[in-house]
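Heads up, the thing below is written out as structure tokens.
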Amino acid sequence: MTGRILIAGAGPAGLGAAWRLQELGYPDWLLLEGAGHPGGLAASFVDARGFTWDIGGHVVFSHCAYFDAVLDSLFAPGEWTFHEREAWIHMRGRLLPYPFQHNLWRLPKAEVADCLAGLIEARLRPAAAPRDFAAYLLARFGAGLCRSFLFAYNGKVWGYPPARLGCDWVKERVAEIDLERVVRNTILERDDPDWGPNRSLRYPLRGGTGGLWTRCAERLPQERLRFNAPVGAIDSGARLVRTRDGVEHRYDALISTVPLPALCGLAGLPGLGEQNLLSTVTHAIGIGLAGAPPPELPRANWIYFPEPDCPFYRVTLLSNYSPHVVPDPSRHWSLLCEVSESKLQPVDAGRLVSATVKGLVATGMIRSSADVISTWHHRAAPGYPVPSCGRDAVLDRITPVLEARGIYSRGRHGAWKYEVGNQDHSFMQGVEAVDRILLGKPESVLDGTRVR
Ligand SMILES: Cc1cc2nc3c(=O)[nH]c(=O)nc-3n(C[C@H](O)[C@H](O)[C@H](O)COP(=O)(O)OP(=O)(O)OC[C@H]3O[C@@H](n4cnc5c(N)ncnc54)[C@H](O)[C@@H]3O)c2cc1C
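Residues in the sequence shown are numbered consecutively from 0, following numbering that gives the first Met the number 0.
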């Protein structure tokens, strides 16, 4: 293809597209971003007291050599902090190492027996291919684990019961089960946190997660980046984008990272089924604290909270990632809490900060609300694209209609695929969209086939 390429959005996906266009030396492209800064959901903010906050716990655990190489070209090794993942689950008034199923022994004995019995029964009586996430969890993990943790935690994160979610997306996102390992760990009372794709993590030393994307945007030609330029309408027949201030931009291909339902509306193409795409709103609540983290958690990264004694499903010990996210690391530390809101799980946003502080005290994360010296609240809507039953059929209907009009909807909420919706995936979706448009190369991140 030749002609003008427009990009809508300067989050990781839009910046990935811009990066690749620049790398290829393509002469005719422009990026339009609605906000005044780059980063999208991966941006960071500094509050009035000097605490730095991300929109929920963000770490880099890349799947892609290309993405890693870009980050390495932007940041010297000394500009990162590196971590071996230390994640915990808070339930029954105690902490269990993550993943849950490998660390059952810390639960009350009757619950351990229930979990093991369910696991063994699931293994002995394999179920038919599951149709939804609840059936998938029951078939893989058994009724005991589902009752103890999996249903409660997943319900809290997704804002919908697991039966509303499909199961094709799961793959590496849910820890698999090794029955022998589970039994051994349980009998030997052995902690076993060693699982998963995000075992080794890195985090920017300065600027929070958003520091990555600020630097990335700085390396691009500034005259091709327009901030405070939200796309207000798309005439997909004439291939024209109009920003809200009335300026028109012609395009031959549009790489959009705008959330898909909103994009259908902007392009005058509603009714493609996009109303059936479920999402959650993510509330990120930052709590800046005087003092130091609990002595038992000096290196913890994050903690899951499946129980109803607090509104949050996860708390990140953000100040354990970098000393520069707090004003003075010798006197301050910080917690970043995430709360999911959905149609089925309403949230009283006005009371969320106080409910969060209360929950932190109730769960023993902080001693007293008197330690709180700063609070921050960000509402990300949407925050999670829910991989609901029937999602793929909706996407299969929308995608060809958009692409026939030269619109490539990519990124976390552009493609609406949670399982390929992290920063590395999103950035690579932008890169691969460009390669497809200009070089005719097939994309692979989008359908989950690619790791490069
Ligand atoms: C709570 C939470 C935790 C996360 N944790 C991790 C993690 O640990 N590791 C990880 O890798 N990823 C994580 N992510 C995912 C990460 O945030 C996303 O991968 C990434 O931000 C997606 O990039 P994107 O460009 O696709 O979309 P976005 O970041 O959403 O960017 C889209 C951009 O489009 C702009 N836009 C929207 N509408 C318009 C319009 N009409 N006109 C112009 N511009 C518009 C927006 O302002 C935004 O800048 C997490 C996300 C959340 C919510």
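From the three backbone atoms N, C-alpha and C, an ideal C-beta is built for every residue, glycine too.
Query	Result
Just the Cα atoms here: how many angstroms apart are Gly24 and Arg249?	20 Å
Mark Pro76 as exposed unless 16 or more other C-beta atoms lie within 10 angstroms of its C-beta, in which case mark it buried.	exposed
Is the stretch 2-13 touching the stretch 423-437 in the sense that three or more CB pairs, one from each, lie closer than 8 Å?	yes
Measure how close the beta-carbons of Leu118 and Val169 come, nearest whole angstrom, since I'm counting them as under 8 Å.	That belief does not hold up - the Cβ atoms of Leu118 and Val169 are roughly 17 Å apart, past 8 Å.
Fully enclosed by the stretch 26-85, which beta strand (DSSP E) runs are 3 residues long or longer?	28-31, 43-45, 51-53, 79-83
Comparing the CB of Gln344 with every heavy atom of ligand 3, is any distance shorter than 7 Å?	Of the ligands one can find in the structure shown, namely ligand 1, none is ligand 3.
I'd like the span of the beta strand (DSSP E) that includes Glu340, first residue to last.	331-340
Going by C-alpha distance, which of Trp194, Ala237, His282 is nearest Gly247?	The question names Gly, but residue 247 is Glu in the sequence shown. The option with the nearest alpha carbon to Glu247 is Ala237.
Taking C-alpha atoms, which residue in Leu253, Arg225, Ala216 lies nearest to Asp234?	Leu253
Would you decide whether Leu123 is buried or exposed? Buried here means 16 or more other CB atoms lie within 10 Å of its CB.	exposed
Just the C-alpha distance for Thr51 and Gly285, rounded to the nearest angstrom, thanks.	9 Å
How about Arg218 and Phe74: do their beta carbons lie closer than 8 Å?	no
What is the rounded straight-line gap between the Cα of Gln453 and the Cα of Tyr159?	No statement about residue 453 is possible, as the shown extent of the chain runs from 0 to 451 and does not include it.
Is it the case that the Cβ atoms of Asp53 and Thr208 are separated by a distance below 8 Å?	yes
Counting along the chain, where does the beta strand (DSSP E) carrying Glu247 start and finish?	247-249
Tell me where the beta strand (DSSP E) around Trp301 begins and ends.	301-303
Express the C-alpha separation of Gly143 and Val450 in angstroms, rounding to a whole number.	Residue confidence is low: Val450 scores 47 on pLDDT, short of 50, so the model does not pin down where it sits. Its coordinate-derived value is still stated next. Rounded to whole angstroms, Val450 to Gly143 spans 35 Å at the Cα level.
Ile186: buried (16+ other C-beta within 10 angstroms of its C-beta) or exposed?	exposed
So, for Arg91: in the same chain, excluding its five sequence neighbours on each side, which residues have a beta-carbon less than 7 Å away from its beta-carbon?	Leu106, Pro107
Name the one or two DSSP bridge partners that Val314 has.	Ile302, Cys336
Mapping DSSP to helix, strand and coil, what is Tyr417?	helix
Assign Ser329 to buried or exposed, taking buried as 16 or more other Cβ atoms, counted over all protein chains shown, within 10 Å of its Cβ.	exposed
Exposed or buried, Glu340, counting other C-beta atoms within 10 Å across all chains shown (16 or more means buried)?	buried
Candidates Trp194, His101, Arg390: which alpha carbon is nearest Glu179's?	His101
Tell me where the beta strand (DSSP E) around His377 begins and ends.	371-384
Quick check: the Cα distance between Val156 and Cys145, rounded to an integer number of angstroms?	15 Å
My output table needs one value for Trp87: the three-state DSSP class, helix, strand or coil.	strand
Could you name the residues that DSSP lists as bridge partners for Asp234?	Leu239
How should Leu149 be labelled, buried or exposed, when 16 other C-beta atoms within 10 angstroms of its C-beta is the threshold for buried?	buried
Among Tyr312, Leu317, Tyr303, which residue has its Cα nearest to the Cα of Pro297?	Leu317
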